[in-house]
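Student: In our numbering, the protein residues as written are 2 to 439.
Structure below; questions to follow.
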Amino acid sequence: MPEPAAPALPVGELLALDRQHVWHPYGPMPGRQEPLVVESAAGVRLRLAEPAHGSRELIDGMSSWWSAVHGYNHPVLNEAAQAQLGRMSHVMFGGLTHEPAVRLAARLVEITPEGLEHVFLSDSGSVSVEVAVKMCLQYWRSVGRPEKRRLMTWRGGYHGDTWQPMAVCDPDGGMHELWSGALPRQLFADAPPDGFDAGTDPAYAAHLRDLVARHAHEVAAVIIEPVVQGAGGMRFHDPGYLRVLREACDEHDVLLILDEIATGFGRTGELFAADHAGITPDVMCVGKALTGGYLSMAATLCTPRVADGISRGEVPVLAHGPTFMANPLAAAVACASIDLLLSRDWRTEVKRIGTGLRDGLAAAAALPGVRDVRVLGAIGVVQLDHEVDVAAATRAAVREGVWVRPFRDLIYTMPPYVTEDEDVARICAAVCAAAREG
Ligand SMILES: *Cc1c(COP(=O)(O)O)cnc(C)c1O
Numbered sequence: 002m003p004e005p006a007a008p009a010l011p012v013g014e015l016l017a018l019d020r021q022h023v024w025h026p027y028g029p030m031p032g033r034q035e036p037l038v039v040e041s042a043a044g045v046r047l048r049l050a051e052p053a054h055g056s057r058e059l060i061d062g063m064s065s066w067w068s069a070v071h072g073y074n075h076p077v078l079n080e081a082a083q084a085q086l087g088r089m090s091h092v093m094f095g096g097l098t099h100e101p102a103v104r105l106a107a108r109l110v111e112i113t114p115e116g117l118e119h120v121f122l123s124d125s126g127s128v129s130v131e132v133a134v135k136m137c138l139q140y141w142r143s144v145g146r147p148e149k150r151r152l153m154t155w156r157g158g159y160h161g162d163t164w165q166p167m168a169v170c171d172p173d174g175g176m177h178e179l180w181s182g183a184l185p186r187q188l189f190a191d192a193p194p195d196g197f198d199a200g201t202d203p204a205y206a207a208h209l210r211d212l213v214a215r216h217a218h219e220v221a222a223v224i225i226e227p228v229v230q231g232a233g234g235m236r237f238h239d240p241g242y243l244r245v246l247r248e249a250c251d252e253h254d255v256l257l258i259l260d261e262i263a264t265g266f267g268r269t270g271e272l273f274a275a276d277h278a279g280i281t282p283d284v285m286c287v288g289k290a291l292t293g294g295y296l297s298m299a300a301t302l303c304t305p306r307v308a309d310g311i312s313r314g315e316v317p318v319l320a321h322g323p324t325f326m327a328n329p330l331a332a333a334v335a336c337a338s339i340d341l342l343l344s345r346d347w348r349t350e351v352k353r354i355g356t357g358l359r360d361g362l363a364a365a366a367a368l369p370g371v372r373d374v375r376v377l378g379a380i381g382v383v384q385l386d387h388e389v390d391v392a393a394a395t396r397a398a399v400r401e402g403v404w405v406r407p408f409r410d411l412i413y414t415m416p417p418y419v420t421e422d423e424d425v426a427r428i429c430a431a432v433c434a435a436a437r438e439g
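This is the structure we're talking about:
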């Protein structure tokens with residue numbers, strides 16, 4: 002790793018200013034736990050400004066929240082960013098267009114499930130969910146059924162932190178129960194039964210079908226995370242439920258939104274989680290790994306039915322247009338990241354990491370306080386029978402030279418696909434240490 006230039010701020014001063022002025026995710030102000038200062042990152046390693054618990058470099062077990070699938074400071078992505086920077090970093094998208102956006106949209110249409118043909122590029126996952134919801138509500142308004150404006154989902158989900166996404170996050174135990182009186186009241190099915198290979202439970206399938214049938218008159222769309230529920234609890238379910246929902250939605254004239262912001266781009270072992278079930282949603286959101294973790298960008302894709310419906314309405318436009326929509330720099334890196342992914346044997350890499358996680362995390366199952374250990378694709382989860390002591394668990398992992406960020410009762414990892422076997426083993430050892438001490 003090249004030695005980066007010395008940071009202008011001494012670490013102590015940086016942390017004092019951070020504490021005084023800077024909000025961190027889901028944090029109080031001022032923060033209670035001192036964050037680690039990252040100076041640079043390359044490959045799968047974060048380099049700290051000063052050692053923490055004996056480690057100066059940490060193997061990143063989080064891919065910066067699902068996004069850095071190729072690792073950091075990747076020459077191909079750096080080159081794409083630098084080349085685009087020399088042309089233009091940004092230009093407005095109203096009345097103008099550019100090659101990075103057009104190439105990216107065409108590429109997304111090509112690799113996502115058959116039938117998704119139109120692409121709205123936005124600046125974050127939550128916004129792409131807002132756009133998906135707006136598309137669906139506007140579709141029904143445009144075709145003369147404005148009363149269809151509720152959303153249906155299942156419990157245990159997470160769809161982002163802005164208003165509409167919050168309303169379809171798990172209403173209990175999630176981060177959003179604070180707002181339960183203020184948010185639009187959506188319709189919740191029970192959480193899907195656990196287990197990727199569990200088969201579809203007929204009683205649960207009937208529960209889903211029944212809820213869709215009874216509320217179809219008021220429901221615009223069903224929105225779910227396919228196969229893996231991420232920040233709502235890191236739970237896996239049988240892909241058969243996607244087919245159940247697809248059929249029920251078709252039968253009762255309800256749209257289906259798949260939020261693939263976490264699951265997209267190979268993480269679950271298929272390029273998109275919908276591919277496990279062979280279905281096409283009416284609307285699909287992608288984000289997180291879209292730019293390989295370089296820049297903030299997300300996309301909402303839809304079918305011609307949805308786009309045509311909106312365009313036939315009395316207001317025939319989709320009234321949405323973020324300032325940084327289709328940002329050329331992000332789009333250029335996204336194109337390069339997708340090309341890089343498809344040029345690698347990503348399926349074998351994800352499988353290899355999954356095998357390493359399964360081997361390395363097996364030991365955790367025997368630890369006191371561990372309720373469950375599960376692995377799917379390149380995702381490994383250790384669930385405790387109590388709330389994780391985040392400070393203690395983080396300390397234990399950092400001592401092993403690994404970065405993980407537990408939440409609730411979960412210590413979990415989704416390493417970059419380029420993580421070597423020895424590093425996967427170290428991540429597992431660190432997760433076990435965190436489970437022991439957290
Ligand atoms: C992270 C996430 C979001 C929100 O994306 P942001 O870019 O953080 O706004 C939405 N849905 C799912 C499934 C996610 O994992």
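Cβ coordinates follow ideal geometry from the N, Cα and C atoms, glycine included.
Bear in mind that the values here come from a model prediction, so they are computed numbers and not experimental data.
#1: What first and last residue would you give for the beta strand (DSSP E) that runs through Thr-269?
#2: So, is Trp-180 buried or exposed, given that buried needs 16 or more other C-beta atoms within 10 angstroms?
#3: Within the chosen definition, does the segment 61-79 reach the segment 37-44 through at least 3 CB pairs nearer than 8 Å?
#4: Please determine, among Val-223, His-99, Cys-170, the residue with the shortest C-alpha to C-alpha distance to Cys-137.
#5: If you scan the segment 112-182 from start to end, which runs of the alpha helix (DSSP H) of 4 or more residues do you find wholly inside it?
#6: Compute the distance between the beta-carbons of Gly-267 and Trp-347, then report whether it is under 9 Å.
#7: Rounded to whole angstroms, how far is the Cβ of Val-432 from the Cβ of Val-405, which I believe are closer than 8 Å?
#8: Comparing alpha-carbon positions, which option in Pro-52, His-91, Ala-50 lies nearest Ala-333?
#9: Under the DSSP definition of a beta bridge, which residues are partnered with Phe-94?
#10: Who are the near neighbours of Asp-283 in its chain, counting only those whose CB is closer than 6 Å to its CB and skipping five residues on each side?
#11: Could you check where the alpha helix (DSSP H) with Arg-359 kicks off and where it finishes?
#12: Going by other Cβ atoms of all chains shown within 10 Å of its Cβ, with 16 needed for buried, is Asp-226 buried or exposed?
#13: Leaving out the 5 sequence neighbours to the left and right, which residues in its chain are closer than 6 Å to Gly-234 when beta-carbon positions are compared?
#14: Alpha carbon to alpha carbon, what distance is there between Phe-273 and Ala-207?
#15: Rounded to the nearest angstrom, what separates Val-128 and Ala-168 at their Cα positions?
#16: Within the continuous alpha helix (DSSP H) that includes Ser-65, where are the two ends?
#17: Which residue marks the beginning of the alpha helix (DSSP H) containing Pro-329, and which one marks its end?
#18: Does the segment 118-128 come close enough to the segment 99-108 that 3 or more CB-CB pairs lie under 8 Å?
#19: How about the segment 138-157 and the segment 188-196: do they share at least three Cβ pairs that are nearer than 8 Å?
#20: Ligand 1 and Ala-263: does any heavy atom of the ligand fall closer than 8 Å to the residue's C-beta?
#21: I'd like to confirm something about Pro-193: is its beta-carbon nearer than 8 Å to some heavy atom of ligand 2, or not?
#22: Check Gln-34 in the structure and name its three-state DSSP category.
#23: Restricting to runs no shorter than 3 residues, where is the beta strand (DSSP E) found entirely within the segment 234-316?
#24: For Glu-58, list the residues DSSP reports as bridge partners.
#25: Tell me the residue span of the alpha helix (DSSP H) that contains Thr-395.
#26: Apart from the five residues on each side of it in sequence, which residues of its chain come closer than 7 Å, Cβ to Cβ, to Gly-310?
#27: Is Glu-226 helix, strand or coil when you go by DSSP?
#28: Could you name the residues that DSSP lists as bridge partners for Gly-87?
#29: What do you get for Pro-329, buried or exposed, if any count of 16 or more other CB atoms within 10 angstroms of its CB means buried?
#30: Would you list the residues sitting across from Leu-319 in a DSSP beta bridge?
#31: Any idea which residues DSSP pairs Asp-373 with across the strands?
#32: Work out the CA separation of Met-415 and Asp-61 for me, nearest whole Å.
#33: Mind checking who Ala-206 pairs with in its DSSP beta bridge?
#34: Taking 8 Å as the cut-off, is the CB of His-54 close to at least one heavy atom of ligand 1?
#35: Would you grab the beta carbon distance between Val-376 and Arg-359 for me? Rounded to a whole angstrom, and I think it's under 8 Å.
#36: Would you list the one or two residues that DSSP bridges to Phe-189?
Tutor: Quick answer:
#1: As a working note, residue 269 is residue 268 in the sequence shown. That residue, Thr-269, is in no beta strand (DSSP E); it is neither H nor E in DSSP.
#2: Numbered from 1 along the sequence shown, position 179 holds the residue referred to as residue 180. With fewer than 16 Cβ atoms within 10 Å of its Cβ, Trp-180 is classed as exposed.
#3: yes
#4: Numbered from 1 along the sequence shown, position 136 holds the residue referred to as residue 137. Looking at the Cα atoms, Val-223 is the closest of the given residues.
#5: 126-143, 164-168
#6: In the sequence shown, counting from the first residue as 1, residue 267 sits at position 266. In the sequence shown, counting from the first residue as 1, residue 347 sits at position 346. Contact flag set, yes.
#7: Here residue 432 is taken as the residue at index 431 of the sequence shown, counted from 1. Here residue 405 is taken as the residue at index 404 of the sequence shown, counted from 1. About 6 Å; that satisfies the 8 Å criterion.
#8: To locate residue 333, count along the sequence shown from 1; it is residue 332. With distances taken between Cα atoms, Ala-333 lies closest to His-91.
#9: Here residue 94 refers to the residue found at position 93 when the sequence shown is read from its first residue. Answer is none; Phe-94 lacks a bridge partner.
#10: For this step, residue 283 is matched to residue 282 along the sequence shown. So the qualifying residues of the chain are Leu-256, Leu-257, Thr-304, Val-307.
#11: Indexing the sequence shown from 1 puts residue 359 at position 358. 347-362 is the extent of the alpha helix (DSSP H) around Arg-359.
#12: For the purposes of this step, residue 226 is taken as residue 225 along the sequence shown, with counting starting at 1. The question names Asp, yet the displayed sequence has Glu at residue 226. It is buried - the Cβ of Glu-226 has at least 16 other Cβ atoms within 10 Å.
#13: Residue mapping note: residue 234 aligns to position 233 of the sequence shown, counting from 1. So the list reads Gly-157, once near-sequence residues are dropped.
#14: Here the question's residue 207 lines up with position 206 in the sequence shown. Here the question's residue 273 lines up with position 272 in the sequence shown. In a straight line, the C-alpha of Ala-207 is about 26 Å away from that of Phe-273.
#15: Position 127 of the sequence shown, counted from the start, is the residue given in the question as residue 128. Position 167 of the sequence shown, counted from the start, is the residue given in the question as residue 168. Roughly 14 Å separates the two Cα atoms.
#16: In the sequence shown, counting from the first residue as 1, residue 65 sits at position 64. Here the alpha helix (DSSP H) through Ser-65 covers 64-67.
#17: On the sequence shown, position 328 is the one that residue 329 refers to. It spans 329-344 - the alpha helix (DSSP H) in which Pro-329 sits, taken as one unbroken run.
#18: yes
#19: A contact exists between the segment 138-157 and the segment 188-196.
#20: In the sequence shown, counting from the first residue as 1, residue 263 sits at position 262. Yes, Cβ of Ala-263 sits closer than 8 Å to a heavy atom of ligand 1.
#21: This structure does not include ligand 2; its bound ligands are ligand 1.
#22: Taking the sequence shown and counting its residues from 1, one reaches residue 34 at position 33. Of the three classes helix, strand and coil, the one that applies to Gln-34 here is coil, per DSSP.
#23: 256-260, 284-287, 299-303
#24: Reading the sequence shown from its first residue, position 57 is the one you call residue 58. According to DSSP, which records beta bridges pairwise, Glu-58 is partnered with Arg-48.
#25: As a position in the sequence shown, residue 395 is number 394, starting the count at 1. That run of the alpha helix (DSSP H) goes 391-400.
#26: Indexing the sequence shown from 1 puts residue 310 at position 309. Excluding residues within five positions, the ones whose Cβ falls inside 7 Å are Tyr-140, Ser-143, Val-144.
#27: Stepping through the sequence shown from its first residue, residue 226 is reached at position 225. Coil, per DSSP.
#28: Translated into positions along the sequence shown, residue 87 becomes position 86. Paired residues: none, contrary to the question.
#29: Taking the first residue of the sequence shown as 1, we reach residue 329 at position 328. Answer is buried; the Cβ neighbour count reaches 16.
#30: Translated into positions along the sequence shown, residue 319 becomes position 318. In DSSP, Leu-319 forms no bridge with anything.
#31: Translated into the one-based positions of the sequence shown, residue 373 becomes position 372. Paired residues: Gln-384.
#32: Taking the first residue of the sequence shown as position 1, residue 61 is located at position 60. Taking the first residue of the sequence shown as position 1, residue 415 is located at position 414. Asp-61 and Met-415 have their C-alpha atoms spaced approximately 9 Å apart.
#33: In the sequence shown, counting from the first residue as 1, residue 206 sits at position 205. For Ala-206, which the question treats as bridged, DSSP gives no partner whatsoever.
#34: Against the sequence shown, residue 54 aligns to sequence position 53. It does not: the Cβ of His-54 is nowhere closer than 8 Å to a heavy atom of ligand 1.
#35: For the purposes of this step, residue 376 is taken as residue 375 along the sequence shown, with counting starting at 1. For the purposes of this step, residue 359 is taken as residue 358 along the sequence shown, with counting starting at 1. Confirmed, Cβ separation roughly 5 Å.
#36: Sequence index remark: in the sequence shown, residue 189 carries index 188 (1-based). DSSP, once it has assigned bridges, lists Thr-154 as partnering Phe-189.
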